[in-house]
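S.K.:
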Amino acid sequence: MKKWIWILIIILILLIGGYFGWKSIFRQQTETIGQIGYSEQEEINQLFCASEGEIYFDSTTGESNECCEGLVPKTGLPDGGPAECEEFSQMDGWSTICTNCGNSICESWENKCICPEDCA
């Protein structure tokens, strides 16, 4: 009888130790998964960033994406839009694009409203 009590005590100790050990390991793994470092986050942003000429924000869908490094978000209408640049901000369906404004090249997605320094 004493032999069975000792076996039962040993089994209980192993079960309790296993439970708390597993709980501790699982908690550490969960915390590690939840902690993305700054460099990893930057790599993720670069993978999914908007390149030059791509949409940064689309007012029709509400979707947005950060511009890739070195680019800035600019808003404006394509050539042939309203003569006054201020008018476009009141219109539905406009988008913000990522561009390298100030590089002395008037790109196809730039105009005098988006980038007056390149498209005079």
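Count the sequence shown with this note's numbering and you get residues 4 to 123, in order. Glycine included, each C-beta is placed from N, C-alpha and C at the ideal position. On a predicted model such as this, the values are computed, not experimentally measured, just so you know.
For F51, which three-state DSSP category applies?
M.R.: In the sequence shown, residue 51 corresponds to position 48, counting from 1. Three-state DSSP puts F51 in coil, outside helix and strand.
S.K.: Would you call K77 buried or exposed, if buried means 16 or more other Cβ atoms sit within 10 Å of its Cβ?
M.R.: Stepping through the sequence shown from its first residue, residue 77 is reached at position 74. When all chains shown are included, K77 counts as buried.
S.K.: Alpha carbon to alpha carbon, what distance is there between C118 and G105?
M.R.: Within the sequence shown, numbered from 1, the residue matching residue 105 stands at position 102. Within the sequence shown, numbered from 1, the residue matching residue 118 stands at position 115. Near 7 angstroms, if we compare the C-alpha coordinates of C118 and G105.
S.K.: If we ignore side chains and look at the alpha-carbon of each, how far apart do S54 and A123 end up?
M.R.: What you label residue 54 is simply residue 51 of the sequence shown in a count that begins at 1. What you label residue 123 is simply residue 120 of the sequence shown in a count that begins at 1. Going from the Cα of S54 to the Cα of A123 covers about 23 angstroms.
S.K.: Starting from K77 and walking both ways along the beta strand (DSSP E), at which residues does that stretch end?
M.R.: As a first step, residue 77 must be located in the sequence shown, where it is residue number 74. K77 -> beta strand (DSSP E) spans 75 to 78.
S.K.: Identify the residues that DSSP records as bridge partners of F60: which are they?
M.R.: Numbered from its first residue, the sequence shown carries residue 60 at position 57. F60 is bridged to S67, T99.
S.K.: Taking 9 angstroms as the cut-off, decide whether the C-beta atoms of G73 and N103 are in contact.
M.R.: Indexing the sequence shown from 1 puts residue 73 at position 70. Indexing the sequence shown from 1 puts residue 103 at position 100. Cβ atoms of G73 and N103: closer than 9 angstroms.
S.K.: Strictly under 9 angstroms for the Cβ-Cβ distance: is E55 near chain B by that measure?
M.R.: No chain B appears in this structure, which consists of one protein chain only.
S.K.: Spatial neighbours of K5 within its chain, please: C-beta separation below 8 angstroms, excluding the five flanking residues on both sides.
M.R.: The residue you call residue 5 lines up with position 2 of the sequence shown. Answer for K5: no residue qualifies.
S.K.: Rounded to whole angstroms, what is the Cα-Cα separation between D121 and C101?
M.R.: Counting from 1 along the sequence shown, the entry for residue 121 is found at position 118. Counting from 1 along the sequence shown, the entry for residue 101 is found at position 98. One C-alpha to the other measures close to 14 angstroms.
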